[in-house]
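Take a look at the structure below.
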Amino acid sequence: MAYAGDVTPPEAYTAVTGPDDAVLVDVRTSAEWSFVGVPELGSSGRRPLFVEWNRFPGGAVNDGFVDELRAAGLEPGRPVYFLCRSGVRSVAAAEAATAAGLGPAYNIVEGFEGPVDPAGHRSVSGWKVDGLPWRQQ
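Numbers 2 to 138, taken from this note's numbering, label the letters of the sequence shown in order.
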């Protein structure tokens with residue numbers, strides 16, 4: 002594993018709303034943020050960062066990803082938790098951050114929506130299914 006580890010959505014929520022100045026980075030696309038919803042961090046007073054891993058609409062990997070993280074204020078030693086739809090892009094993001102000396106970087110398994118159920122719906126697990134705060138944009 003080329004990053005600090007995997008955590009569940011509730012573990013990530015506890016970390017990014019806790020005392021350690023951890024940050025949540027949502028790496029989904031702007032379309033996902035607009036049409037699916039975004040995580041909220043409750044009364045912590047913090048807000049997630051939104052940095053696409055893949056650019057919308059073309060889907061190309063964001064070559065400026067690490068630069069955008071640094072521009073948003075991420076520094077070495079600050080815990081960072083990466084969230085995507087289902088926990089795949091967030092692995093790549095955590096690996097890239099770690100390789101750049103940022104973090105410790107964590108992947109949020111199951112992501113915002115989680116995997117699909119037998120009927121093809123994303124209702125099995127993930128940030129939303131776990132009942133964590135989120136909103137439509």
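Ideal Cβ placement from N, Cα and C applies to all residues, glycine included.
Start-to-end residues for the alpha helix (DSSP H) that takes in Leu84: Against the sequence shown, residue 84 aligns to sequence position 83. Taken as a continuous stretch (DSSP letters only), Leu84 belongs to no alpha helix (DSSP H), being part of the beta strand (DSSP E) at Pro77 to Leu84.
9 Å Cβ cutoff met for Val92 and Tyr4: Locating residue 92 in the sequence shown gives position 91, counting from the first residue. Locating residue 4 in the sequence shown gives position 3, counting from the first residue. A contact, by the Cβ cut-off of 9 Å.
Element boundaries [alpha helix (DSSP H), containing Leu103]: Translated into positions along the sequence shown, residue 103 becomes position 102. Counting along the chain, Leu103 falls outside any alpha helix (DSSP H), and DSSP gives it neither H nor E.
Extent of the continuous alpha helix (DSSP H) run through Val67: On the sequence shown, position 66 is the one that residue 67 refers to. Under the DSSP assignment, Val67 falls in the alpha helix (DSSP H) whose first and last residues are Phe66 to Ala72.
Close-in-space but distant-in-sequence residues of the same chain around Ala32 (CB under 6 Å, 5 per side omitted): Translated into the one-based positions of the sequence shown, residue 32 becomes position 31. The answer, listed in chain order, is Phe57.
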